[in-house]
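Asks: This structure is in structure tokens; I'll ask about it shortly.
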Amino acid sequence: MAQIIDGKLVSSKIKEEIKLEIKNIKKSGGQIPGLAVVIVGDDPASKVYVRNKRKDCEEVGMYSEEYALPENTSQEEALELVKKLNDKSDIHGILVQSPLPKHIDENLIVENISPSKDVDAFHPQNVGRITIGRYSFLPCTPAGVMELLKYYNIDPCGKECVVVGRSNIVGKPQALMLLQANGTVTICHSKTVGLGNITKRADILVAAIGKRNIITADMVKEGAVVIDVGMNKKDDGKLCGDVDFAEVEKIASYITPVPGGVGPMTRTMLLKNTLTAAKMGK
Ligand code: GUN
Numbered sequence: 006m007a008q009i010i011d012g013k014l015v016s017s018k019i020k021e022e023i024k025l026e027i028k029n030i031k032k033s034g035g036q037i038p039g040l041a042v043v044i045v046g047d048d049p050a051s052k053v054y055v056r057n058k059r060k061d062c063e064e065v066g067m068y069s070e071e072y073a074l075p076e077n078t079s080q081e082e083a084l085e086l087v088k089k090l091n092d093k094s095d096i097h098g099i100l101v102q103s104p105l106p107k108h109i110d111e112n113l114i115v116e117n118i119s120p121s122k123d124v125d126a127f128h129p130q131n132v133g134r135i136t137i138g139r140y141s142f143l144p145c146t147p148a149g150v151m152e153l154l155k156y157y158n159i160d161p162c163g164k165e166c167v168v169v170g171r172s173n174i175v176g177k178p179q180a181l182m183l184l185q186a187n188g189t190v191t192i193c194h195s196k197t198v199g200l201g202n203i204t205k206r207a208d209i210l211v212a213a214i215g216k217r218n219i220i221t222a223d224m225v226k227e228g229a230v231v232i233d234v235g236m237n238k239k240d241d242g243k244l245c246g247d248v249d250f251a252e253v254e255k256i257a258s259y260i261t262p263v264p265g266g267v268g269p270m271t272r273t274m275l276l277k278n279t280l281t282a283a284k285m286g287k
């Protein structure tokens, strides 16, 4: 049976470190790191994410502001807010919650966030920096995965790493990070032919495709490390990942549960990036 990778435990340890650092900043009279979260419209899932982000900030003693704009906010108004936040000295990190309403060009919004406050690491300048290994921020979810591997002493160096999913937010940066860590990396996606033959080669398998139970036990090598980034809903409304956990758990060496695996790490890495941005801004 696989060892469960406990994302809640690792994230609480990292949060304690962040909390301590903020306490020391306050003690020495420095500026408290500040995060601005922008949400446009009424997407229920986004509202929960935003509420959690504020809660996380409070927990570690970070300053936060929330801008909840109505669905009919124009692109110009959204851009104006981003520009205002770029200039706000008590704000070090800006996160514009995705998805945005269709009439707003998400890429344009991201490109107008100051790269030094782009705590999602979605700005093309930050994406480019990650590609060449000269970055300030890493996108939260894949960075959280790397922290989990580090905590459990799983070194990607020389290992066959297979990432299933090629999104700009997870799959692509995850592959780059595993490569940076000297893994031999393959990216699979929805058009990959013979997916199972490729995933079965993986010493480290990251599933980030967004399809429930797409990774079954016959697609996993005995003793593999299986990281599940999926966030899907079961018929009963409960959260589940991309991996058939009950069966894969029997053959993997390590596995992340959903919930309680990668999810808490994503939230914590946002705090870490905001702290980094605040330290850079000095
Ligand atoms: N919506 C879902 N995940 C994310 C994320 O990581 N960043 C932003 N900005 N929006 C999201």
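Residues in the sequence shown are numbered from 6 upward in steps of one, following my numbering.
Don't be surprised by glycine CBs; every beta carbon is placed ideally from N, CA and C.
What you are looking at is a predicted structure, and each value in this text was computed from that prediction instead of being measured.
Does the Cβ-Cβ distance between L276 and K20 come in under 8 angstroms?
Replies: In this structure, K20 lies closer than 8 angstroms to L276 by Cβ.
Asks: Is DSSP giving D123 helix, strand or coil here?
Replies: strand
Asks: Evaluate contact between the segment 223–240 and the segment 267–283, counting only Cβ atoms and requiring at least three cross-stretch pairs below 8 angstroms.
Replies: yes
Asks: Reducing DSSP to helix, strand and coil, say where C245 ends up.
Replies: Taken through DSSP and simplified to helix, strand or coil, C245 comes out as strand.
Asks: Given 7 angstroms as the limit, tell me if V234 has its C-beta closer than that to any heavy atom belonging to the ligand GUN.
Replies: no
Asks: When you compare only the Cα positions, how much space is there between P120 and A207?
Replies: Rounded to the nearest angstrom, the gap between the Cα atoms of P120 and A207 is 34 angstroms.
Asks: Among residues of its own chain, excluding the 5 on either side of D47, which ones have a beta-carbon nearer than 7 angstroms to its beta-carbon?
Replies: So the list reads E76, once near-sequence residues are dropped.
Asks: Which residue from G176, K155, G201 puts its Cα closest to that of A213?
Replies: G176
Asks: Can you find at least 3 beta carbon pairs, one from the segment 242–254 and one from the segment 220–231, that sit closer than 8 angstroms?
Replies: yes
Asks: Is C62 close to the ligand GUN? I mean its beta-carbon at under 7 angstroms from any heavy atom of the ligand.
Replies: no
Asks: Can you tell me which residues form a DSSP beta bridge with E71?
Replies: V42
Asks: Does at least one heavy atom of the ligand GUN sit under 7 angstroms from the Cβ of Q4?
Replies: Only positions 6 to 287 of the chain appear in the structure, and residue 4 is not among them; the question remains open.
Asks: Between the C-alpha atoms of K122 and G242, what's the straight-line distance to the nearest angstrom?
Replies: 35 angstroms
Asks: Do three or more CB pairs link the segment 88–97 to the segment 51–63 at distances below 8 angstroms?
Replies: no
Asks: Who are the Cβ neighbours of G163 in its own chain at under 8 angstroms, not counting the five residues just before and after it?
Replies: N187, G188, T189
Asks: May I ask which residues mark the beginning and end of the beta strand (DSSP E) holding C193?
Replies: 189–193
Asks: For D233, report the span of its beta strand (DSSP E) as first-last.
Replies: 230–233
Asks: Could you check whether the segment 109–116 touches the segment 146–154, counting it as contact only if at least three pairs of C-beta atoms, one from each stretch, sit closer than 8 angstroms?
Replies: no
Asks: Measuring straight from C-alpha to C-alpha, what distance separates T291 and V211?
Replies: In the structure displayed, the chain extends from 6 to 287; residue 291 sits before or after that span and is not available.
Asks: Is it buried or exposed for M224, if we count other Cβ within 10 angstroms and need 16 for buried?
Replies: buried
Asks: Can you give me the start and stop residues for the beta strand (DSSP E) that C166 sits inside?
Replies: Where C166 is concerned, the enclosing beta strand (DSSP E) starts and stops at 165–169.
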